[in-house]
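Undergrad:
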Amino acid sequence: MALTRDQIKIVENTIKESLRKKYKSYKRETINMPFHYRLLGRDRMAVFSFIHSLNTTFGTSIFEPVAETLSSLNFTVAQKKYVVGDTISEQAQNEIQHIMNDLTIGHSPNKVNEIERIRKVCNKGTINKLKTIKVDLYVKSKDGTVHLFDLKTVKPNIGDFKYFKRTLLEWIAIFLSKNPNANVHSYIAIPYNPYEPKPYERWTLKGMLDLDNELKVAGEFWDFLGGDGAYSELLDCFESVGIELRPEIDEYFSKFK
Numbered sequence: 026m027a028l029t030r031d032q033i034k035i036v037e038n039t040i041k042e043s044l045r046k047k048y049k050s051y052k053r054e055t056i057n058m059p060f061h062y063r064l065l066g067r068d069r070m071a072v073f074s075f076i077h078s079l080n081t082t083f084g085t086s087i088f089e090p091v092a093e094t095l096s097s098l099n100f101t102v103a104q105k106k107y108v109v110g111d112t113i114s115e116q117a118q119n120e121i122q123h124i125m126n127d128l129t130i131g132h133s134p135n136k137v138n139e140i141e142r143i144r145k146v147c148n149k150g151t152i153n154k155l156k157t158i159k160v161d162l163y164v165k166s167k168d169g170t171v172h173l174f175d176l177k178t179v180k181p182n183i184g185d186f187k188y189f190k191r192t193l194l195e196w197i198a199i200f201l202s203k204n205p206n207a208n209v210h211s212y213i214a215i216p217y218n219p220y221e222p223k224p225y226e227r228w229t230l231k232g233m234l235d236l237d238n239e240l241k242v243a244g245e246f247w248d249f250l251g252g253d254g255a256y257s258e259l260l261d262c263f264e265s266v267g268i269e270l271r272p273e274i275d276e277y278f279s280k281f282k
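When we follow my numbering, the leftmost residue of the sequence shown carries the number 26, and every step to the right adds one.
This is the structure:
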């Protein structure tokens, strides 16, 4: 068992608070849908509209606060929307471009090697000022190792992978510009596998991402944050909260009849 009963209650409370905050602050778009209303009812359409809105913001509304809470139980520091920095060296930017060029012509990604290449030049050349850069989730382990996560939708567009890779490398360069000796890692996190029980189609990311060191999908991500078995227990938490809040949500949306 990854989580104690007390820890499960903490996670469940985070899910409840996040969901309540979302639906109580939800404002329906004033769209007249007379055929839909008459066929399905205004209350059902209100729920449908809310679910659609929730789906588009599930990462920030639900996954990020839950990930922050879960990781806080096992890491010394856990923070969502963490400011990673606002400076990067010109030579680090050049090195990142060299890495991207290598990948584009078919070189295999190697994140450990890429981090060390960036570290060597993280403070060389002009230090350029950037807009403040935030990561979706920052966690720091007891030994000081830092992990930076970018939470993505479960089916990212294949054309975005090059952008994802550059972002992960830039986060490393930005963090090292102020902490050149840090043990830091950056990842794409995909909260669940939409293809289950089939494996996630990792091959689509293979050309750009070091799959062993830059990608965590479903159980890999949640178990990393909360310990072995955390993913399964987290799903149970969501189910438990869903059952508990169903009457409350139904009552809230009944006013749209």
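Ideal Cβ positions, reconstructed from N, Cα and C, are used throughout, including at glycine.
Determine whether the beta carbon atoms of Val164 and Val209 lie at a separation below 8 Å.
TA: No, the Cβ-Cβ distance between Val164 and Val209 is not below 8 Å.
Undergrad: Expressed to the nearest angstrom, what Euclidean distance is found between the alpha-carbon atoms of Lys41 and Asp127?
TA: Their Cα atoms are separated by approximately 46 Å.
Undergrad: Can you give the Cα-Cα distance for Leu131 and Lys190, rounded to whole angstroms?
TA: Reading off the sequence shown, one finds Gly at residue 131, where the question assumed Leu. Distance between the alpha carbons of Gly131 and Lys190: 14 Å.
Undergrad: Can you tell me where the beta strand (DSSP E) holding Asp161 begins and where it ends?
TA: From DSSP, the beta strand (DSSP E) with Asp161 extends over Ile152 to Lys165.
Undergrad: To the nearest whole angstrom, what separates the beta carbons of Ala117 and Ala198, a pair I think is in contact under 8 Å?
TA: 4 Å between Cβ atoms; contact.
Undergrad: Taking the C-alpha atoms as reference points, what is the distance between Phe174 and Lys241?
TA: Cα to Cα, the separation comes out at about 9 Å.
Undergrad: Verify whether the separation of the beta carbon atoms of Asp68 and Phe200 is less than 8 Å.
TA: Going by C-beta atoms, Asp68 is not nearer than 8 Å to Phe200.
Undergrad: Give the single residue among Met70, Phe83, Thr29 and Arg45 whose Cα lies nearest to the Cα of Ile215.
TA: Cα-wise, what sits closest to Ile215 is Phe83.
Undergrad: Among Ser97, Tyr62, Lys49 and Ser78, which has the Cα closest to the Cα of Ile35?
TA: Ranking the options by Cα distance to Ile35, first place goes to Ser97.
Undergrad: Name the two residues that bound the continuous alpha helix (DSSP H) containing His10.
TA: Here the chain has residues from 26 to 282 only, and residue 10 is not among them.
Undergrad: What does DSSP give as the partner residues of Thr112 in its beta bridges?
TA: Bridge partners of Thr112: Lys154.
Undergrad: Between Gly110 and Lys47, is the Cβ-Cβ spacing less than 8 Å?
TA: Contact: no.
Undergrad: With Phe174 as the anchor, note down where its beta strand (DSSP E) starts and where it stops.
TA: Per DSSP, Phe174 belongs to the beta strand (DSSP E) from Val171 to Leu176.
Undergrad: Out of curiosity, what's the CA-to-CA distance linking Asn135 and Phe88?
TA: Distance between the alpha carbons of Asn135 and Phe88 is about 28 Å.
Undergrad: Classify Lys105 as buried or exposed, calling it buried when 16 or more other Cβ atoms lie within 10 Å of its own Cβ.
TA: By the 10 Å Cβ count, Lys105 comes out buried.
Undergrad: Which stretch, first to last residue, makes up the alpha helix (DSSP H) that contains Tyr48?
TA: Start and end: Arg30 to Lys49.
Undergrad: Helix, strand or coil for His132 per DSSP?
TA: Coil.
Undergrad: Assuming contact is defined by CB atoms lying nearer than 8 Å, are Leu95 and Leu259 in contact in what I supplied?
TA: The answer is yes: Cβ separation under 8 Å.
Undergrad: Do Glu245 and Leu193 have their CB atoms nearer than 8 Å?
TA: For Glu245 and Leu193, no; Cβs fall outside 8 Å.
Undergrad: Give the DSSP-derived three-state secondary structure of Tyr277 in the structure shown.
TA: The answer is helix: DSSP assigns Tyr277 an H, G or I state.
Undergrad: In terms of residues, what are the limits of the beta strand (DSSP E) holding Ile76?
TA: Taken as a continuous stretch (DSSP letters only), Ile76 belongs to no beta strand (DSSP E), being part of the alpha helix (DSSP H) at Arg67 to Thr81.
Undergrad: The alpha helix (DSSP H) with Lys223 in it runs from where to where?
TA: Premise fails: Lys223 is in no alpha helix (DSSP H) and is neither H nor E.
Undergrad: Ordered along the chain, which non-local residues of its own chain (more than five positions away) have a Cβ less than 7 Å from that of Ile274?
TA: The answer, listed in chain order, is Tyr48.
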